[in-house]
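Peer 1: Residue numbers (the working numbering): 590 to 892.
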């Protein structure tokens, strides 16, 4: 079934990706880099990387938007990247960038843990859902009366998620809501919520706690939250938990995502901070599962 999803990624949504790329961004980025005194790599190397970035579609999208939408999140995780030139920056991003590898592994851990909890008569929500592969790709064999709800603030992601749901041919009830996660109206509605990618864009700890409170209220009694967080990299602290990585790749990743793209997903937290924030609103932490690089842990919490 994931192969079906890969085919969708490569064909079905191509028409949604044609953006009017603003080439002034390239000039502005180069000007900013030349004025910077704290680059991860020598200036000319970063200028060269910038030119490579605008040579492929995801690179241009990130340069213009500084973050991923539902489509690109799906493509990063489930897309077929095997036909790319192995010497290209595009190949490196999808197959070697430490954060991307951690994201792909995190997706698998989410699926595994959701499947372990899953049983008949459950209502599951994905917030934000993107194209909702985290729930749509689960195995519902032997499970009855399952309801899936995708909630997202992006109308295009919801439209694509609805189209995506039709390809999975699951015997489950699927619905979608256009809603801001911080303004959830649901109360004790869901037995399990998966939520990835919000806290890494939000540096304000108070706002993150407010988000967790909304998710807590949306869960039924004894309901589960499966979420995640980014740990501090070794470029920020000597106490970083990161392991099994190439420092060359970490520095290159910092040059691309921080210096050049100024990606918005740069909010890192410790396990202690995440535990405190979740426990503040009433959650009980059941398990924290670290990926192989200890970059993007998964948290299982219960109401």
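Even for Gly, the Cβ is constructed at its ideal location relative to N, Cα and C. Model, not experiment: these values are computed from the prediction.
Which runs of the alpha helix (DSSP H) at least 4 residues long sit entirely within the region 609 to 634? Give them in chain order.
Peer 2: Runs found: 613 to 624.
Peer 1: In or out: residue 890 buried (at least 16 other Cβ within 10 Å) or exposed?
Peer 2: For this step, residue 890 is matched to residue 301 along the chain shown. By the 10 Å Cβ count, residue 890 comes out buried.
Peer 1: Here's a check: name, in chain order, each residue in its chain whose Cβ is nearer than 6 Å to the Cβ of residue 876, leaving out the five neighbours to either side.
Peer 2: Locating residue 876 in the chain shown gives position 287, where the first residue counts as 1. Excluding positions up to five away in sequence, the list reads 889.
Peer 1: Please name the residue in 652, 721, 684, 830 whose C-alpha comes closest to that of residue 616.
Peer 2: Taking the chain shown and counting its residues from 1, the one referred to as residue 616 is at position 27. Checking every option, the nearest Cα to that of residue 616 belongs to 652.
Peer 1: Check residue 813 in the structure and name its three-state DSSP category.
Peer 2: Taking the first residue of the chain shown as 1, we reach residue 813 at position 224. Residue 813 falls in the strand class under three-state DSSP.
Peer 1: With three or more C-beta pairs closer than 8 Å as the rule, is the region 805 to 825 touching the region 781 to 789?
Peer 2: Contact between the region 781 to 789 and the region 805 to 825 is present, because at least three Cβ pairs lie under 8 Å.
Peer 1: The beta strand (DSSP E) with residue 780 in it runs from where to where?
Peer 2: Counted from its first residue, the chain shown places residue 780 at position 191. Segment 779 to 784, the beta strand (DSSP E) holding residue 780.
Peer 1: Just to confirm before moving on: does the CB-CB distance between residue 659 and residue 746 stay below 7 Å?
Peer 2: For the purposes of this step, residue 659 is taken as the residue at position 70 of the chain shown. For the purposes of this step, residue 746 is taken as the residue at position 157 of the chain shown. In this structure, residue 746 lies closer than 7 Å to residue 659 by Cβ.
Peer 1: With the cut-off set at 7 Å, would you say residue 762 and residue 736 are in Cβ contact?
Peer 2: One-based indexing of the chain shown puts residue 762 at position 173. One-based indexing of the chain shown puts residue 736 at position 147. Cβ atoms of residue 762 and residue 736: closer than 7 Å.
Peer 1: Take residue 648 and list the residues in its own chain whose beta-carbon comes closer than 6 Å to its own, dropping the five residues that flank it on each side.
Peer 2: Your numbering for residue 648 matches position 59 in the chain shown. Excluding positions up to five away in sequence, the list reads 642.
Peer 1: Do you know how far the Cα of residue 780 is from the Cα of residue 626?
Peer 2: Walking along the chain shown from the start, residue 626 turns up at place 37. Walking along the chain shown from the start, residue 780 turns up at place 191. Their Cα atoms are separated by approximately 50 Å.
Peer 1: Excluding the five sequence neighbours on either side, which residues of its own chain have a C-beta within less than 6 Å of the C-beta of residue 773, listed in chain order?
Peer 2: Here residue 773 refers to the residue found at position 184 of the chain shown. 803, 807.
Peer 1: On the three-pair Cβ rule with 8 Å, is the region 679 to 686 touching the region 853 to 870?
Peer 2: Short answer: they don't touch.
Peer 1: Could you tell me how far apart the beta carbons of residue 750 and residue 716 are, in whole angstroms, since I believe they sit closer than 8 Å?
Peer 2: Walking along the chain shown from the start, residue 750 turns up at place 161. Walking along the chain shown from the start, residue 716 turns up at place 127. Incorrect: roughly 12 Å between the Cβ atoms, too far for contact.
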